[in-house]
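Structure first, commentary second.
Residue numbers (UniProt numbering): 1 to 399.
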């Protein structure tokens, strides 16, 4: 397997102790021009080079312990410091109130499609929940919740996922245990720029793809969950932030590893957690803090997305984004090339040209086609400018 294009490794076996092999790793960084610009359709594996280098530095000998975080017992004092530091950073960055618990769980966002109803749908006797379905992920969540109670989609079914129905058209059930929505739909590029009003019913949000890309008032929510892999780390860990009074209401059929009360009481250590993913998340949160926090991320994300949307708007229909302007995502920008419905040949040519320029993973989700640029926190203004420049060049060549 070829080594990463931006690191050259020299590995020297220095010692062997029982099953632990200690290596000395030296690396030579290549020129930044050799980097690939990754506009990932679904994930940003790890967010910034500083984080990658720090993780590399500590990979085989964490903080002088002589072992890797990958080998570390989740019951050890060293890992206890790691998970507590990660939680404290998250609480600081989001200003999480004291009456909320923070958990680091496995199973991804899809696991929480089950975890949310298993823990919350029994809050009221009717065992029903309201769902706002504006894209692939909220649709999947609603379908999963039907296994555990009654699901009320609060608006007429959408013909296409290109808008957020006006809240005045919603039919909310005052007897619902909770109201659920996905704050940013990655596949279709639809993002809420407001917090839904629920008239006192518990509000639940899947923030997997715009978590810490902007400030959020946690106190308005009963529960927030987010997979780390988009903006705050690598795949493997899912953050759940839940208000304390919502604990202890799990259905009897709820698997114990998904029981929020059990996990909260055990500091996410009821079962072995994704230790390395939590460690990486801590490094990324530290990077976000050192770079101005969620407010600074929001400023950059607005700037980046505007660069792409402005080109689309000024292209006289050559580039077309199907999403209504008011709810266009700052994280995921879907567009077609050549015409509103897209021109397959032009889109293939666009992707090939982007790849030759070191820009990869721009192909749209298989369910919608076209192009999609994901502009998560790790994507820099310079990266986005490179894509914008290529879009202008491609437009000029074909108009």
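Quick reminder that beta carbons are idealized off the backbone N, C-alpha and C, glycines included.
Outcome for residue i when other beta-carbon atoms lying within 10 angstroms are tallied against a minimum of 16
{"i": "residue 256", "result": "exposed"}
{"i": "residue 295", "result": "exposed"}
{"i": "residue 124", "result": "buried"}
{"i": "residue 41", "result": "In this predicted model, residue 41 has a pLDDT of only 44, less than 50, meaning its place in the structure is not dependable; the value taken from the coordinates is given anyway. Residue 41 is buried by the Cβ-count criterion."}
{"i": "residue 272", "result": "exposed"}
{"i": "residue 175", "result": "exposed"}
{"i": "residue 377", "result": "buried"}
{"i": "residue 259", "result": "buried"}
{"i": "residue 391", "result": "buried"}
Proximity to residue i [Cα-Cα], best of the options
{"i": "residue 135", "options": "153, 392, 305", "result": "153"}
{"i": "residue 95", "options": "214, 390, 375", "result": "214"}
{"i": "residue 423", "options": "220, 191, 202", "result": "Nothing can be reported for residue 423, as the shown portion of the chain is limited to 1 through 399."}
{"i": "residue 246", "options": "120, 147, 228", "result": "120"}
{"i": "residue 202", "options": "179, 196, 188", "result": "179"}
{"i": "residue 51", "options": "82, 93, 234, 259", "result": "234"}
{"i": "residue 396", "options": "350, 383, 381, 362", "result": "350"}
{"i": "residue 387", "options": "398, 374, 399", "result": "374"}
{"i": "residue 184", "options": "210, 70, 165", "result": "210"}
{"i": "residue 329", "options": "186, 288, 341, 316", "result": "186"}
{"i": "residue 360", "options": "371, 366, 252", "result": "371"}
{"i": "residue 114", "options": "326, 104, 129, 148", "result": "148"}
{"i": "residue 306", "options": "317, 292, 321", "result": "321"}
{"i": "residue 380", "options": "358, 340, 398, 301", "result": "301"}
{"i": "residue 63", "options": "317, 297, 279, 399", "result": "279"}
{"i": "residue 289", "options": "364, 93, 122", "result": "93"}
Inter-residue spacing [alpha-carbon to alpha-carbon] between residue i and residue j
{"i": "residue 332", "j": "residue 112", "result": "22 Å"}
{"i": "residue 106", "j": "residue 238", "result": "6 Å"}
{"i": "residue 144", "j": "residue 169", "result": "24 Å"}
{"i": "residue 275", "j": "residue 266", "result": "15 Å"}
{"i": "residue 157", "j": "residue 132", "result": "10 Å"}
{"i": "residue 23", "j": "residue 60", "result": "Interpretation of residue 23 is limited by its pLDDT of 33, a score under 50 that renders its predicted location unreliable; no figure is taken from the coordinates."}
{"i": "residue 304", "j": "residue 362", "result": "16 Å"}
{"i": "residue 313", "j": "residue 57", "result": "45 Å"}
{"i": "residue 48", "j": "residue 188", "result": "26 Å"}
{"i": "residue 356", "j": "residue 155", "result": "44 Å"}
{"i": "residue 354", "j": "residue 336", "result": "15 Å"}
{"i": "residue 138", "j": "residue 172", "result": "16 Å"}
Which residues DSSP lists as bridging residue i, in chain order
{"i": "residue 184", "result": "191"}
{"i": "residue 206", "result": "182, 225"}
{"i": "residue 335", "result": "371"}
{"i": "residue 238", "result": "105, 227"}
{"i": "residue 130", "result": "152, 179"}
{"i": "residue 243", "result": "100"}
Any non-hydrogen atom of the ligand ATP within 7 Å of residue i CB
{"i": "residue 113", "result": "Of ligands this structure carries none, so the ligand ATP is not represented either."}
Note down, one range per segment and in chain order, each beta strand (DSSP E) of at least 3 residues found wholly within the stretch 344 to 386. Assignment of beta strand (DSSP E) within the stretch 344 to 386, counting only whole runs of 3 or more residues, yields 371 to 374 in chain order.
Beta strand (DSSP E) segments (min. 3 residues) lying fully within the stretch 70 to 128: Within the stretch 70 to 128, the complete beta strand (DSSP E) runs of at least 3 residues are 100 to 105.
Quick one: complete alpha helix (DSSP H) runs, 4+ long, within the stretch 300 to 329? Qualifying alpha helix (DSSP H) stretches: none in this window.
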